[in-house]
Amino acid sequence: MTILYDEGQQAIAIESRRALEARVGKDALLPLLETVGEYHRPFWDTAKEQGWTALALPEAHGGLDLGLIELGLIAHQAGRSISGAPFLTSSFGAAKAIELFGSDAQKARWLPGLASGETIGAIAFAAGPDALPARPDVTCTGDRLDGTARGVSAGLAADVAIVYANGPGMPVLALVELAGAQRSAVPSFDNSRLIADIGFSGVPAETLAVGSTARGAALHILALQAVVTAHEQTGGAEALMEIARDYALTRKAFGQPIGAFQSVKHRIAELYGLVELARANCIHAAAREGAADFITAAAAARLSATEAYDTAARDCIQIHGGIGVTWEIGLHLHMRRARSLAIEQGSSLFWEDVLVDQLAGEAA
Amino acid sequence: MTILYDEGQQAIAIESRRALEARVGKDALLPLLETVGEYHRPFWDTAKEQGWTALALPEAHGGLDLGLIELGLIAHQAGRSISGAPFLTSSFGAAKAIELFGSDAQKARWLPGLASGETIGAIAFAAGPDALPARPDVTCTGDRLDGTARGVSAGLAADVAIVYANGPGMPVLALVELAGAQRSAVPSFDNSRLIADIGFSGVPAETLAVGSTARGAALHILALQAVVTAHEQTGGAEALMEIARDYALTRKAFGQPIGAFQSVKHRIAELYGLVELARANCIHAAAREGAADFITAAAAARLSATEAYDTAARDCIQIHGGIGVTWEIGLHLHMRRARSLAIEQGSSLFWEDVLVDQLAGEAA
Amino acid sequence: MSDLEAYRAKAAAWLQSVAPTFGRDARKGLSEADDLALGRRYQKAKFDAGYAGINWPTEYGGQGLSHLEKVTFDAEEMKHGFPSFYFGISLGMPVPVLMQFGPDKEFVKERVLKALQGEEIWCQLFSEPSGGSDLAGLRTKAEPDGNGWRINGQKVWTSWAHYSDYGVIVVRTDPTVAKHKGLTYFWVDMRAPGVTVRPIKLAGGDSHVNEVFFDDVKITDDHRMSPVGGGFAVAIATLMIERYVATDSAGFGPHLDLFVELAKDVQLNGRPAIEDGRIRQQIARNHAMRSGLDSINVRARLMMQAGMVPGPEGSLNKLVAVRSRQKLSELALDLQGSDAFLFDKHASQKEDWASSWINAPTGRIAGGSDETLLNTIAEKVLGLPQDHRPDKGIPFNQIPA
Amino acid sequence: MSDLEAYRAKAAAWLQSVAPTFGRDARKGLSEADDLALGRRYQKAKFDAGYAGINWPTEYGGQGLSHLEKVTFDAEEMKHGFPSFYFGISLGMPVPVLMQFGPDKEFVKERVLKALQGEEIWCQLFSEPSGGSDLAGLRTKAEPDGNGWRINGQKVWTSWAHYSDYGVIVVRTDPTVAKHKGLTYFWVDMRAPGVTVRPIKLAGGDSHVNEVFFDDVKITDDHRMSPVGGGFAVAIATLMIERYVATDSAGFGPHLDLFVELAKDVQLNGRPAIEDGRIRQQIARNHAMRSGLDSINVRARLMMQAGMVPGPEGSLNKLVAVRSRQKLSELALDLQGSDAFLFDKHASQKEDWASSWINAPTGRIAGGSDETLLNTIAEKVLGLPQDHRPDKGIPFNQIPA
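Protein chains in written order, with the working numbering: chain A, 1 to 364; chain B, 365 to 728; chain C, 729 to 1129; chain D, 1130 to 1530.
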């Protein structure tokens, strides 16, 4: 798979950017920070209208049969304008789990809705800091789930979830319809992520994989999501780098633009470097889907994108001085998003370990 | 113990600086880099004449009964002018081991010579990366040593060594006269450290401590040496910071002193910060000798001093541009010394672990 | 036990005794208005107990003790989470400057006493929208008006202006000379007609700082605290006072012990995070940095005690401590993983990692940005050249905006 | 298999076949003189096999292929440790520039052929003691002398000058105009009377770079490769060529695999260092950085293959890779502890951590310092303002030294 975008892919980038810049802005996003349980509906409506929800899913089930490269391009643009909901990643993860490990019946039941965007999916693997815990908090006995999955993104809105659960002596990857689960909202520093604690007490679930297969499957799903998120983080870092550049060109101090001071100038140049490294890793990882080194490529993309977004958030605000820390200018929207994206699908600590296990040839 | 230097201590600092600047210079030190087995004798003669060798040892055995604060002041100045031999630290460590854990006979036998500087001591604890190994390479059976201690600083010149050895089921701290040992010189990037592999085959040794006592004793000796070395590293970092500052004031580019460019200016200001943090930790640690938190204070001093010297070496050379990497200007003397001091008595990796064990209240 | 230790013990005991009434727990769930009211009562209690104006002259209601007793008390006070920060700026800079430069002694005495008892609050009107780190570039102007002056313009980042009764202000009285030379220093009544205060909401969600607008605000010449055109010197004197406010090696964020506790509680790869080298490294590095700052701090106090002037290394605290607090707070959140999302915007920066993280950028900018601090060290301490400043020596009204 | 893959396979096979004769093992223990002689024979073998001047015009003895075949071959060649670096600069910049700007075609053809076969070596005489990153600030001058010129001055950091037969040089021919406008570009015979080459010993102990002194060196006007006063443009053209030489995400230091091997061999706290989070973090971070650079590199080649111009991100390689190589090398030494002291100054930077560490500073400075690269990115890529330059537009002989 080449890492040069073809004309169709370039068109996707241009079109998605146009659509998002027309309909998403900080005026709509700022109030969401202080509202628990709401997300930016125009963003998701756009995603559905534009067919982004169907992009990477199989044609047989209402998808467009495109892949990570195309979805990554969308995610990059979504990251630039700060996406109004986590579903682009969470539903994709759930859909891929069903596509890759589900039965025909399960595919027929869920994929069309996930492809149209009418159905929302969520991934519930983590237990606190551990993105893929040896002992998940949720247990699976027979075909029922018990226990609580904490801090699940999109959890407040999801119809279906893929849960990494603690089965009889081995982990289980389970598909569960959330109608029967108890959800409590988690007020967070980035409320449009719709974080929820999801409580199960004897909720019926269907098993997708068990034992080491379940762990491998879960890691693969996380890696797919991590590549999408890495594109989103890179888009956010790119936007911040440009915002910092533009501000440094216009803002004056001591009679010259602050961009003429090397402390500002070199900081922005370093951001450019971080953004380009993250972008290159993202493009590479998206092109390696299905290859033997996909996990390695995904981890590298995830790590460099997290570093780029975190650093860009810190430095862009710092370069702005006082105005940068006001509520109204909204740079904190990126700073908050940088952190929530850094934590979803496992922090850098998790991906560093995954990457080294791959490189050193140990068991993941 | 106060951390404000009294008049006597200030006099020591001024006098030692004067003496060293008069007798030590790069012209003498550069050739030593390409000679194996030689050290800068004028440096050591100065140390003996000035009584630095006796400074921190007990009066009863030819010492001056002063402590870490005074020896630290000397070490700081030695670091500024790049000391020509490792004995100031290595003999001090050996002497303290004998003073604290030796018999009266052993003290009478060794301390006067170590105090006068006629006798040279060495510390042989490490096995590769492990500054205090669970299984030392040297074994101690009965009262004899076997095996090889690798990469021992001052090993080529030492008359007596304190060895951390593998006794019957427990570690042993042993005192050994090196006349009966085989030494082979290790050609190094900093040859005046007199690195040697010291081979023992049935060499008679005297036991100073065994078991957990031996480990605690060895850690205490390492901490004492680490504080002295931290002062030396801080002195080296301070000298490099001043060299960079002076160069930035005189060297012109694009019609102004390069010190007017923020990339240079802020880099030097950051070095100032690292030097002052290291200095403050050194003063604190020296004043805590004998206190319950001495190991903690020593580790903090060691870590910040290593970071200061390493960073100063990198940045000072970088600020000089091409001229900075020439043999003749001799900045690489500091760069090489920064590395050898970073490794002797355990690297940052070792001291980070020691420090966290202290802070988290685990067993060291 | 030294006198100072005795003083510390006595202060600690008193603080302990009032903690239930005014401390952390007493403040839980209070509205800001009620919290401020509680704060005023706490300030009065301090005054009555002889812990207000500790190092101020007795003629102004102070205790006439040294800076050492002051920082000793502050260090003890910090432990209980009292509502004292409403008065931090007021008693920190403006009121001391008033004591030093206020023209009418009787008026000054009255103001100082009310400020010390928490009845009146003063703010400091320096920064402007156009200014950034360039204080002397301010545009707010005062023009002669009868026997007094007429002020027009806008200030910004003014802490607690919305609760303030008075403020000290630097304005431009002569735009035709070089920017440093055309400034004059006044005090103003924040209730005067033409003064409008508009709170600014910050990234963390709360609003302690304000925009302050001046529309034809008239003041008499007895409000003047500097010679006409001599305001910059008094402004710098005001800022110098800041160097002597208590420092915090935690960068005004959580104590490192809280991170160690977290690392012990949290599991990473099935083992306590405290056993992971990456976490250990951050604990060790941050401890080494903080212990260095603490040692600098202790030495500075000992020098003052011995009548010496502390070295410039005291200025490192804010630069180093806040910057590393920001990254450590990010790591603390990553370490909690999916448990890190739970957020309370009213939680204390000193005790909550999310609050520490989201407010860290403000800490890095307020009171001198990292860049300004680095320039100060490079120029004032190391003697490196000043940055290129095209506006140097040019009449203010001829500098291109 | 694409044509390019076929080309790679064929080249790899040939390189394998000559590796025993010219490669790493064949060079062990050779004096530098013998190593150079071996290098000349290897260069001749490349020429005979059709691997010299791969992307150069056939009329000059090149192969007339594209830049892609060139970088493909270079990547394969790098694996065997051939003695080819003596010719890297010569065939990298000066000779291509000679082809482009050399006045006398016949003479040029003769030189190029000898250079391609390793018989002659060219050097590049740009930097000067006073210059640093300021190329246009050079002071070496050429004054009219009969029908030619007389060169006086000094160059420095000239790689391989002590083995060079010819060199290209930029000199000042008019000190009365702005510094960029008074330069002219020539080629010189390094054996000409008045040329003195003095090797500079570097921090690592060896001496590949030189000072070159010119005392009344006379050259005829047919040595001129630019219009009089038009030398800066040709100098920039020379430096632009550097952007297209093969990059190395290892920063010309050891491959990351070697660090992973080390971390597996070495014990830390009784466990393999590879299990320690601090070591794992460095491996992961460095891999992510290097894989990003590799991906940038691959994309640049694909774009060139597709006839597009690669983006400016290609310039990141040197900045990012060498800087991190320096710290990784320090860690590799710390990780070996008391075993790290053993040092061989002739060991390869690509294979030995101590050699990589001690030569890293040279790598960070040679061919554009970090600061110069950051300025270039900020100004050329991001459009940020140029630094303040007091000497801008001022006649060279009026700039204070």
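Here a beta-carbon is modelled for each residue, glycine too, at the ideal position from N, C-alpha and C.
> Name the chain D residues that come within less than 9 Å of Arg80 of chain A, Cβ to Cβ?
Replying inline: Near Arg80 of chain A there are no residues of chain D at all, since even the closest Cβ is about 17 Å away, more than 9 Å.
> Where do the N-terminal and C-terminal ends of the alpha helix (DSSP H) with Val527 of chain B fall, by residue?
Replying inline: Unbroken run through Val527 of chain B is the beta strand (DSSP E), 524 to 530; no alpha helix (DSSP H).
>> Is the beta carbon of Ala209 of chain A closer than 8 Å to that of Leu178 of chain A?
In response: no
> Does any C-beta atom of chain A lie closer than 8 Å to the C-beta of Lys929 of chain C?
Replying inline: yes
>> Contact criterion: CB-CB distance below 8 Å. Does Val1451 of chain D meet it with respect to chain B?
In response: no
> Under a Cβ-count criterion, where at least 16 other Cβ atoms within 10 Å of its own Cβ denotes burial, should Ala1265 of chain D be classed as buried or exposed?
Replying inline: buried
> Under a Cβ-count criterion, where at least 16 other Cβ atoms within 10 Å of its own Cβ denotes burial, should Phe1381 of chain D be classed as buried or exposed?
Replying inline: buried
> Which of the three DSSP states, helix, strand or coil, is assigned to Lys946 of chain C?
Replying inline: strand
> What separation, rounded to the nearest whole angstrom, lies between the Cα atoms of Thr660 of chain B and Gly1005 of chain C?
Replying inline: 18 Å
>> Looking at chain C, is there any beta carbon in it that lies within less than 8 Å of the beta carbon of Gly1182 of chain D?
In response: no
> With DSSP run on the structure shown, which of helix, strand or coil describes Glu385 of chain B?
Replying inline: helix
> In its own chain, which residues sit with a C-beta less than 6 Å from the C-beta of Ala305 of chain A, not counting the 5 before and 5 after it?
Replying inline: Ala230, Gln233, Thr234, Ala278
> List, in order along the chain, the chain D residues whose C-beta lies closer than 8 Å to that of Val591 of chain B?
Replying inline: What Val591 of chain B touches in chain D: nothing, since even the nearest Cβ is about 19 Å away.
> Are the beta-carbon atoms of Ala702 of chain B and Ala663 of chain B separated by less than 8 Å?
Replying inline: no
> What distance in whole Å lies between the Cβ atoms of Arg1153 of chain D and Gly1210 of chain D, which are believed to be in contact at a cut-off of 8 Å?
Replying inline: 3 Å
> Quick one, which residues of the region 1096 to 1118 of chain C are near chain A if we go by CB-CB under 9 Å, in chain order?
Replying inline: Ser1097, Asp1098, Glu1099, Leu1102, Asn1103, Asp1115, His1116, Arg1117, Pro1118
>> So for Asn281 of chain A, helix, strand or coil by DSSP?
In response: helix
>> Determine whether the beta carbon atoms of Ala608 of chain B and Cys680 of chain B lie at a separation below 8 Å.
In response: yes
>> With DSSP as the reference, identify every bridge partner of Gly1296 of chain D, one or two as the case may be.
In response: D:Cys1252, D:Val1317
> Nearest-angstrom Cα distance between Ile1011 of chain C and Phe987 of chain C?
Replying inline: 8 Å
>> Is Asn281 of chain A close to chain D? Criterion is C-beta to C-beta, closer than 8 Å.
In response: yes
> Does the Cβ-Cβ distance between Asp457 of chain B and Ile585 of chain B come in under 8 Å?
Replying inline: Per the sequence shown, the amino acid found at residue 457 of chain B is Gly instead of Asp. It is a contact, given that the beta carbons lie within the stated cut-off.
> Taking the alpha helix (DSSP H) that Asp873 of chain C falls in, what are its first and last residues?
Replying inline: Note, Asp873 of chain C: premise wrong, no alpha helix (DSSP H); beta strand (DSSP E) at 869 to 873.
> Whole-angstrom Cβ separation of Pro568 of chain B and Gly544 of chain B, contact assumed at under 8 Å?
Replying inline: 7 Å
>> Below 7 Å on C-beta distance, what does His1416 of chain D contact in chain A?
In response: Ala300, Leu355, Leu359
> Of all the options B:Ile378, B:Glu653, B:Gly600, which has the alpha carbon lying nearest to the alpha carbon of Leu432 of chain B?
Replying inline: B:Glu653
>> Can you give me the C-alpha to C-alpha distance between Thr975 of chain C and Asn1025 of chain C, rounded to a whole angstrom?
In response: 8 Å
> At what residues does the beta strand (DSSP E) containing Lys883 of chain C begin and finish?
Replying inline: 876 to 887
>> On the DSSP bridge list, what partners appear for Ser565 of chain B?
In response: B:Asp510
> Grouping DSSP H, G and I as helix and E and B as strand, with all else coil, what is Thr901 of chain C?
Replying inline: coil
> Ordered along the chain, which non-local residues of its own chain (more than five positions away) have a Cβ less than 8 Å from that of Ile683 of chain B?
Replying inline: Ala608, Tyr611, Ala612, Ile622, Val628, Arg631, Ile632
> Does the beta carbon of Ser1023 of chain C come closer than 8 Å to any beta carbon on chain B?
Replying inline: yes
>> Using C-beta distances below 8 Å, list every residue in its chain close to Ala472 of chain B, excluding the 5 sequence neighbours before and after it, in chain order.
In response: His425
> If you pair each beta-carbon of the region 1270 to 1286 of chain D with each one of the region 1336 to 1354 of chain D, do three or more pairs fall below 8 Å?
Replying inline: yes
> So, using beta-carbon positions, are Ile98 of chain A and Leu32 of chain A closer together than 8 Å?
Replying inline: no
> Per DSSP, what kind of secondary structure is Arg1353 of chain D in: helix, strand or coil?
Replying inline: strand
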